[in-house]
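Peer 1: When you line the sequence shown up against the UniProt record's numbering, it's residues 1 to 197, in that order.
Every residue gets a Cβ at the ideal spot worked out from N, C-alpha and C, and that includes glycine.
Since the structure is predicted, the reported quantities are computational estimates derived from the model, not experimental observations.
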Amino acid sequence: MMAPIDDAALDTLFRQARTYNGYTADPVSEADLHAIWDLMKMGPTSANQLPARLMWCVSDDAKQRLADCCSAQNAPKVLKAPVSVVIGMDIDFHEHLPELFPHADAKSWFEGNEDLRKESAFRNSSLQGAYLIMAARALGLDTGPMSGFDADKINAAFFADTPRVRVNFISTLGHGDPATIFDRSPRPAFAKFNSIA
């Protein structure tokens, strides 16, 4: 059994971490992106599905293509961020299960049932997107996850060559500029949204 992490780590991951609308000029390296993946891939997904497919938008061209798919409010955030990432989900993730989950014939659980694959890909790629946020925070980076985009446009712009991959959500990434955040929104006490049966 692992020991609890200390307060400084809890602050970094949760209590002091924020969603950023803008970033400093400090760069984000390709090594940073690899480090994020190497942490987030360790988070649990059902039968180790790992359905998330990430498109890291680093070049000005890629960021412009992504911004063109975003709402008027979100497009400037994408253009100004050092990196933006499209968190996609592979509807045919099951094809990789013989490698990723060799303990059982998990591929057969999903063959011929696209509705089940879509549901599972969405749920588990959402988990992986959350792991991305936490991995970035653990590595001293900040994120700005968002909706507010045209999914069909993103799929056409970034996943045309892999049509079984579809966008789940997007996020900006960098070293957050504190001037771009709002006051923290309310976080209710346990009793408001929790029950114990």
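Identify, in the order they occur along the chain, each residue of the same chain with its Cβ nearer than 6 angstroms to the Cβ of Thr143, setting aside the five sequence neighbours on each side.
Peer 2: Hits under 6 angstroms: Ile133, Ala136, Ser171, Leu173.
Peer 1: Assuming Asn124 and Gln49 form a contact by the criterion Cβ under 8 angstroms, report the distance between their Cβ atoms to the nearest whole angstrom.
Peer 2: Between Gln49 and Asn124 the Cβ distance is about 5 angstroms, and since that is below 8 angstroms, they are a contact.
Peer 1: What are the start and end residues of the alpha helix (DSSP H) that includes Ala157?
Peer 2: Its alpha helix (DSSP H) spans residues 151-158.
Peer 1: Are the Cβ atoms of Gly43 and Asn168 separated by less than 9 angstroms?
Peer 2: Not closer than 9 angstroms, so no.
Peer 1: Cβ atoms of Phe149 and Phe57: under 9 angstroms apart, would you say?
Peer 2: Note that residue 57 corresponds to Cys in the displayed sequence, not to Phe. No. Outside cutoff.
Peer 1: Bridge partners of Arg166, per DSSP?
Peer 2: Answer is Met89.
Peer 1: Roughly how far, in whole angstroms, is the beta-carbon of Ala121 from the beta-carbon of Ile154, given that I think they are within contact range, below 8 angstroms?
Peer 2: The pair is not a contact, with the Cβ atoms about 16 angstroms apart (cut-off 8 angstroms).
Peer 1: Hey, out of Ala191, Ala62, Met2, Asp183, whose CA is closest to Ala157's CA?
Peer 2: Comparing Cα-Cα distances from Ala157 to each of Ala191, Ala62, Met2, Asp183, the minimum goes to Ala62.
Peer 1: Using only the alpha-carbon positions, how far apart do Arg166 and Ala151 sit?
Peer 2: For Arg166 and Ala151, the distance between alpha carbons rounds to 8 angstroms.
Peer 1: Between Val28 and Pro82, how many whole angstroms is the CB-CB distance? I'm expecting something under 8 angstroms.
Peer 2: Sure, about 4 angstroms apart at Cβ, within 8 angstroms.
Peer 1: Is it buried or exposed for Met2, if we count other Cβ within 10 angstroms and need 16 for buried?
Peer 2: Exposed: under 16 other Cβ atoms inside 10 Å.
Peer 1: Taking the continuous beta strand (DSSP E) assigned at Arg53, which residues delimit it?
Peer 2: From DSSP, the beta strand (DSSP E) with Arg53 extends over 52-57.
Peer 1: Along the chain, where does the beta strand (DSSP E) that runs through Met40 open and close?
Peer 2: That residue, Met40, is in no beta strand (DSSP E); its alpha helix (DSSP H) goes 30-40.
Peer 1: What separation, rounded to the nearest whole angstrom, lies between the Cα atoms of Glu119 and Phe159?
Peer 2: Each residue's alpha carbon lies about 19 angstroms from the other.
Peer 1: Classify Ile36: buried if its beta carbon has 16 or more other beta carbons within 10 angstroms, exposed otherwise.
Peer 2: Buried, because 16 or more other Cβ atoms sit within 10 Å of the Cβ of Ile36.
Peer 1: Buried or exposed, going by whether 16 or more other CB atoms sit within 10 Å of the CB of Leu10?
Peer 2: Per the 10 Å Cβ criterion, exposed.
Peer 1: Just the Cα atoms here: how many angstroms apart are Thr12 and Phe182?
Peer 2: Approximately 18 angstroms between the Cα atoms of the pair.
Peer 1: Using only the alpha-carbon positions, how far apart do Pro98 and Ala52 sit?
Peer 2: One C-alpha to the other measures close to 17 angstroms.
Peer 1: How big is the Cα-Cα spacing for His20 and Ser46?
Peer 2: In the sequence under discussion, the amino acid at residue 20 is Tyr, which differs from the His named in the question. The alpha-carbon atoms of Tyr20 and Ser46 are separated by roughly 30 angstroms.
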